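First residue of the sequence shown: 11, per the numbering used here; consecutive thereafter. Every residue gets a Cβ at the ideal spot worked out from N, C-alpha and C, and that includes glycine. In this text, all values refer to a predicted model and were calculated from it rather than measured experimentally. Structure record follows, encoded as structure tokens.
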Amino acid sequence: MSGTGPVVTFANDRYFIGVAGLVNSLHVIGHRGGVIVVDTGLTPDQAQRLSAGATVLPIAGADGSLLAHMLKPAVVQTVRDHGVRGPIALADCDLVITGDLGKLFQQAADGHLCMPPDGPPRVQGRRFQEWLTELDIEGPLRPMPYLNAGLMVFDPAAWEDEFAWWSRRCVQVAERGAQRLEDVQTSAASEMPFAYADQDILNAMLMTEVAPERIHILEWWQQGIPEPEDTTRIEDRRTIRCRSDYGPVMLVHNLTHPKPWLPHARVRLRYAPYEELLARLLDADDLPVRVPRSDIPAWLRDDPLHRIERRARRGALRPARWVRHTLLPSR
């Protein structure tokens, strides 16, 4: 299994465990296109550990006060400044890659932007008229699925004008103070036009400024996510191969808060495939990036005792999840 271009991600010190899992997942599946981690605040020790499995680059051209959710245009510019040419896969560090990205890189070489939708059809309708006024777009908003920016495969050269537009609007929204990062975690996030920051701005652009034939949308089930309809299961823990009821799964994305490696996450473990894959990808002998065992939260350690604990906690939370997904409105 091999890729045809680099996977690019970014992280600070709080997201080191997540980015280590992503880098190691690419090693396990045999990705040959390279991995780049743009350093937005890693410690020197973390950067050194990641360099065993990736090229680590310092972020360039980004205001340190810029929201983390607004950094992606600066990350793209960073890799271009370092001479990277051709298609790239821009990936969040709270996901792991479980399938071959080769076909997406081929689509990107033909000028397409490849992205997954933000979930099953039930949650694909996010759009706001405020996007038009706040971003100075004529509109109207074209009907299309709302896409998830956790994985974007494209050739920056083919999308130079669009990404310059995206970058300017990200800075514009951040400077206006339209959103604070913590707002994403409030119960009202789904009603806030820019709750998902750069992702909302990107979708506004794709729904108005970009021809539909330039966008390649993955099937929703190719991205394992914590939604009731998701049937992702781990077929082979060693090779991290995953499958749903519909076919092979290409990536597994944790969209929950707090992220499972952060403090207080132990009592809120929610998405079994991601947690189990992350535990497998942190401290095994076949991995290039090794996370010190002392830095791995106990609930993410890959041993029989903690596997049992994760299953028990998820079982205890299942009734509450049923109530939330069945009786409460979706995002």
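CA-CA distance, residue i and residue j?
{"i": "residue 306", "j": "residue 272", "result": "10 Å"}
{"i": "residue 36", "j": "residue 218", "result": "34 Å"}
{"i": "residue 417", "j": "residue 257", "result": "For residue 417 there is no data in the structure shown, the boundaries of the chain being 11 and 341."}
{"i": "residue 50", "j": "residue 69", "result": "6 Å"}
{"i": "residue 269", "j": "residue 237", "result": "16 Å"}
{"i": "residue 239", "j": "residue 130", "result": "7 Å"}
{"i": "residue 172", "j": "residue 215", "result": "8 Å"}
{"i": "residue 202", "j": "residue 310", "result": "33 Å"}
{"i": "residue 166", "j": "residue 316", "result": "42 Å"}
{"i": "residue 295", "j": "residue 248", "result": "11 Å"}
{"i": "residue 255", "j": "residue 213", "result": "28 Å"}
{"i": "residue 244", "j": "residue 289", "result": "13 Å"}
{"i": "residue 64", "j": "residue 299", "result": "9 Å"}
{"i": "residue 304", "j": "residue 40", "result": "28 Å"}
{"i": "residue 32", "j": "residue 200", "result": "27 Å"}
{"i": "residue 94", "j": "residue 112", "result": "18 Å"}
Compute the beta-carbon to beta-carbon distance between residue i and residue j, rounded to the nearest angstrom, for a pair I have assumed lies under 8 Å.
{"i": "residue 10", "j": "residue 20", "result": "The structure shown does not extend to residue 10, since the chain spans only 11 to 341, so no value can be given for it."}
{"i": "residue 89", "j": "residue 45", "result": "In fact, because the Cβ distance is near 11 Å, the residues do not count as touching under 8 Å."}
{"i": "residue 163", "j": "residue 221", "result": "In fact, because the Cβ distance is near 18 Å, the residues do not count as touching under 8 Å."}
{"i": "residue 108", "j": "residue 260", "result": "6 Å"}
{"i": "residue 97", "j": "residue 115", "result": "5 Å"}
Residues in the same chain with beta-carbon distance under 8 Å from residue i, minus the five sequence neighbours each way, listed in chain order, please.
{"i": "residue 183", "result": "80, 144, 145, 189, 204, 207 and 211"}
{"i": "residue 301", "result": "26, 27, 30, 59, 292 and 293"}
{"i": "residue 274", "result": "268"}
Less than 7 Å between C-beta atoms, sequence neighbours within five positions excluded: which residues of the same chain meet that for residue i?
{"i": "residue 135", "result": "156"}
{"i": "residue 297", "result": "34, 37 and 291"}
{"i": "residue 83", "result": "173, 176, 177 and 180"}
{"i": "residue 251", "result": "108 and 245"}
{"i": "residue 308", "result": "316"}
{"i": "residue 92", "result": "67"}
How should residue i be labelled, buried or exposed, when 16 other C-beta atoms within 10 angstroms of its C-beta is the threshold for buried?
{"i": "residue 192", "result": "At residue 192, the pLDDT of 48 sits below 50, so the modelled position is not reliable; the number obtained from the coordinates is stated separately. Label assigned to residue 192: exposed."}
{"i": "residue 321", "result": "exposed"}
{"i": "residue 318", "result": "exposed"}
{"i": "residue 150", "result": "exposed"}
{"i": "residue 3", "result": "With the chain covering 11 to 341 only, the question about residue 3 has no answer from this structure."}
{"i": "residue 241", "result": "exposed"}
{"i": "residue 283", "result": "buried"}
{"i": "residue 285", "result": "buried"}
Is it true that the CB of residue j sits closer than 8 Å to the CB of residue i?
{"i": "residue 62", "j": "residue 292", "result": "no"}
{"i": "residue 22", "j": "residue 52", "result": "yes"}
{"i": "residue 228", "j": "residue 154", "result": "no"}
{"i": "residue 106", "j": "residue 287", "result": "yes"}
{"i": "residue 225", "j": "residue 122", "result": "yes"}
{"i": "residue 263", "j": "residue 110", "result": "no"}
Identify, in the order they occur along the chain, each residue of the same chain with its Cβ nearer than 6 Å to the Cβ of residue i, setting aside the five sequence neighbours on each side.
{"i": "residue 102", "result": "160"}
{"i": "residue 139", "result": "none"}
{"i": "residue 280", "result": "236 and 266"}
{"i": "residue 209", "result": "159"}
{"i": "residue 100", "result": "18 and 162"}
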